[in-house]
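Residues 406 to 768 (my numbering) make up the sequence shown, in order. Here the structure comes first, spelled out in structure tokens, and everything after it is commentary.
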Amino acid sequence: MSRFQPRSRPMQMLRSSVGQSTLMLLTSGAASAAAWGLGHLSIPLAAGAAAVGAGLAYLVGRGRRATALDSADLRHKTVVVTGANTGIGLETCKALISVGAHVIMVCRTAQRGVLAKETVVAAARLGGSAELVVMDLADLASVQAAVETISDLGVSISILINNAGIMMCPWGTTVQGHETQWGVNHLGHMWFTLGLLDNISQAGGRIVNVASSAHGFDSTPLPITSAADYDRVRAYGRSKIANILFTRLLNAKLVSANSAARAYSLHPGAVNSELLRHNTVLAAVTAPLRAIVFQNTWQGAQTSLYCALDDDAEPGEYHAECRPAPTTAAALDMDAAAALWAYSLTAAESSRFPMPDPDAIEL
406 MSRFQPRSRP
416 MQMLRSSVGQ
426 STLMLLTSGA
436 ASAAAWGLGH
446 LSIPLAAGAA
456 AVGAGLAYLV
466 GRGRRATALD
476 SADLRHKTVV
486 VTGANTGIGL
496 ETCKALISVG
506 AHVIMVCRTA
516 QRGVLAKETV
526 VAAARLGGSA
536 ELVVMDLADL
546 ASVQAAVETI
556 SDLGVSISIL
566 INNAGIMMCP
576 WGTTVQGHET
586 QWGVNHLGHM
596 WFTLGLLDNI
606 SQAGGRIVNV
616 ASSAHGFDST
626 PLPITSAADY
636 DRVRAYGRSK
646 IANILFTRLL
656 NAKLVSANSA
666 ARAYSLHPGA
676 VNSELLRHNT
686 VLAAVTAPLR
696 AIVFQNTWQG
706 AQTSLYCALD
716 DDAEPGEYHA
726 ECRPAPTTAA
736 ALDMDAAAAL
746 WAYSLTAAES
756 SRFPMPDPDA
766 IEL
């Protein structure tokens, strides 16, 4: 029996005639045109591109849900979710606590985290519970402190979902001087993951990295290093291809070390969330359309839940709409993944916050 629930016969017919791979690539291309257009084309043309991208995203991203949640029992299991106070992170926490998980909600500020925790706890079933840890991914000192806080709890981590992210913000740098989107979306999460890796590995847990079809915006996972060269669209794409390549190499290292832990990456779909807060023009142009055709946050959380819970999720691979999905060729390049890994370790060390050495961790 299928573990998924298709939406409708028309949708199935469309998928049969066009093909999932084609739809995914069309979505990525149209979304790229939409985002790129606002920086380089007229507003009317950009709005048209956004409409095409949003419509295709609706076709590709809303069709399935994580049915593994229906039978999941996470009592006595601990789950860590970053970006837990809003959007798909909040919905992910609500879903996991509803099947008994102890959810560690990692949020950038305590104020927003406390309010979100109340919402999550209200969804608790089967003895599920939640607690809050504050972490600013733009500051490796904060990331290190969060790792220490969670480690001191003495819990065994069954699932880590690296969900937090920023999108297409103006040029800026993290506290340690790295381009902000790359520093938050990739480097901070890599440090956080490696800091908890021993714990997750000993539990045979899952590491879920929320990437995006926007990884097609560029072909390198390395950051833009100067304001003069900065393009917010390309920078976002670089951080997302970094998520996918980090996942691939991390999973390969786990397998090589005979660890039972596994890593997964995913595209959540086009979600009507706060990610566009840094691009007010794009948010304004697409607002009416997003309200109609974009996924809501519950729908956007489904592939995260699928990767966290479903036996059919493929370790090391990229997923969309609750199943494995195609990527660009650049997101398959293991030489680029190795270069990213080395660059990231050096970037952290040069910032005086060397990452835990995964080769020295008892996996």
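The beta carbon of each residue, even a glycine, is placed where N, CA and C say it ideally should be.
Nearest-angstrom beta carbon gap, L627 and L601 [assumed within contact, 8 Å]: Looking up residue 601 in the sequence shown gives position 196. Looking up residue 627 in the sequence shown gives position 222. Contact flag wrong, Cβ pair sits at about 24 Å.
Length of the line joining the Cα atoms of L655 and V519: Here residue 655 corresponds to residue number 250 of the sequence shown, with the count starting at 1. Here residue 519 corresponds to residue number 114 of the sequence shown, with the count starting at 1. Near 32 Å, if we compare the C-alpha coordinates of V519 and L655.
Integer-rounded CB distance, given that D541 should sit under 8 Å from R513: Locating residue 513 in the sequence shown gives position 108, where the first residue counts as 1. Locating residue 541 in the sequence shown gives position 136, where the first residue counts as 1. Correct: roughly 5 Å between the Cβ atoms.
Cβ neighbour criterion (16 or more within 10 Å) applied to E754: Taking the first residue of the sequence shown as position 1, residue 754 is located at position 349. Exposed, since its Cβ has fewer than 16 Cβ neighbours within 10 Å.
Collapsed DSSP secondary structure at S476 in the structure displayed: Here residue 476 refers to the residue found at position 71 of the sequence shown. Helix, per DSSP.
Start and end residues, alpha helix (DSSP H) containing H594: Indexing the sequence shown from 1 puts residue 594 at position 189. Looking at the DSSP string, the run of the alpha helix (DSSP H) that includes H594 is H594 to Q607.
I566 - containing beta strand (DSSP E), residue span: Position 161 of the sequence shown, counted from the first residue, corresponds to residue 566. Segment I562 to N567, the beta strand (DSSP E) holding I566.
Same chain, Cβ closer than 6 Å to K499, neighbours up to 5 away in sequence not counted: Position 94 of the sequence shown, counted from the first residue, corresponds to residue 499. V525 and A528, listed in sequence order.
C712 (DSSP reduced to helix, strand or coil): Position 307 of the sequence shown, counting from 1, holds the residue named residue 712. If DSSP states are grouped into helix, strand and coil, C712 belongs with the helices.
Exposed unless 16 or more other CB atoms sit within 10 angstroms - verdict on V523: Here residue 523 is taken as the residue at index 118 of the sequence shown, counted from 1. It should be pointed out that residue 523 corresponds to Glu in this sequence rather than to Val. Under this definition E523 is an exposed residue.
8 Å Cβ cutoff met for V486 and V511: Translated into the one-based positions of the sequence shown, residue 486 becomes position 81. Translated into the one-based positions of the sequence shown, residue 511 becomes position 106. Yes.
Sequence-distant residues of its chain with Cβ nearer than 7 Å to A665 (five each side left out): Translated into the one-based positions of the sequence shown, residue 665 becomes position 260. Answer for A665: G609, listed in chain order.
Length of the line joining the Cα atoms of R653 and Y711: Here the question's residue 653 lines up with position 248 in the sequence shown. Here the question's residue 711 lines up with position 306 in the sequence shown. Their Cα atoms are separated by approximately 18 Å.
Cβ separation of S709 and V613, assumed to be a contact under 8 Å, to the nearest whole Å: For the purposes of this step, residue 709 is identified with residue 304 of the sequence shown, where counting begins at 1. For the purposes of this step, residue 613 is identified with residue 208 of the sequence shown, where counting begins at 1. 6 Å between Cβ atoms; contact.
Identity of the residue in I605, G642 and V508 nearest G570 by Cα: In the sequence shown, residue 570 corresponds to position 165, counting from 1. Among I605, G642 and V508, the Cα nearest to that of G570 belongs to G642.
Beta-carbon proximity of I493 to T733, cut-off 8 Å: Against the sequence shown, residue 493 aligns to sequence position 88. Against the sequence shown, residue 733 aligns to sequence position 328. Result no, Cβ atoms of I493 and T733 do not sit closer than 8 Å.
Unbroken beta strand (DSSP E) run spanning V486, endpoints: Along the sequence shown, one-based indexing puts residue 486 at 81. Per DSSP, V486 belongs to the beta strand (DSSP E) from T483 to T487.
Distance between beta carbons of Q581 and L545, contact taken as under 8 Å: Against the sequence shown, residue 545 aligns to sequence position 140. Against the sequence shown, residue 581 aligns to sequence position 176. With a Cβ gap of about 5 Å, L545 and Q581 count as contacting.
T578 in three-state terms, based on DSSP: Counted from its first residue, the sequence shown places residue 578 at position 173. Reduced to three states, the DSSP call for T578 is strand.
CB-CB length for Y748 against A616, believed under 8 Å: By 1-based counting over the sequence shown, the position of residue 748 is 343. By 1-based counting over the sequence shown, the position of residue 616 is 211. Going by Cβ atoms, the distance from Y748 to A616 rounds to 18 Å, so no, they are not a contact pair.
Neighbourhood of I605 by C-beta distance below 7 Å, restricted to the same chain and skipping five residues each side: Locating residue 605 in the sequence shown gives position 200, where the first residue counts as 1. Closer than 7 Å at the Cβ level, and outside the excluded window around I605, lie I562, L565, I612 and A666.
Residues of its chain near S620, where Cβ-Cβ distance is below 7 Å and the 5 sequence neighbours each way are ignored: Start at 1 with the first residue of the sequence shown, and residue 620 comes out as number 215. The question names Ser, but residue 620 in the sequence shown is His. The residues are G642, K645, I646, I649, T732, T733 and A736.
Beta-carbon proximity of L392 to M739, cut-off 8 Å: The first residue shown for the chain is 406 and the last is 768, placing residue 392 beyond what the model contains.
Local conformation of I629 per DSSP, three classes: Your numbering for residue 629 matches position 224 in the sequence shown. If DSSP states are grouped into helix, strand and coil, I629 belongs with coil.
W441 versus W587 - alpha carbon distance: Position 36 of the sequence shown, counting from 1, holds the residue named residue 441. Position 182 of the sequence shown, counting from 1, holds the residue named residue 587. Bear in mind that a pLDDT of 41 at W441, under 50, signals an unreliable position, so the number given afterwards is only what the model happens to contain. C-alpha separation (whole angstroms): 18 Å.
Any non-hydrogen atom of the ligand GDP closer than 7 Å to S556 Cβ: Absence of the ligand GDP is noted for the structure shown, with no ligands found whatsoever.
Extent of the continuous beta strand (DSSP E) run through S547: Taking the sequence shown and counting its residues from 1, one reaches residue 547 at position 142. S547 -> not in any beta strand (DSSP E); alpha helix (DSSP H) instead, spanning L545 to D557.
Cβ-based neighbour list, G533, same chain, cut-off 6 Å, excluding 5 preceding and 5 following: Walking along the sequence shown from the start, residue 533 turns up at place 128. I502, G505 and A506, listed in sequence order.
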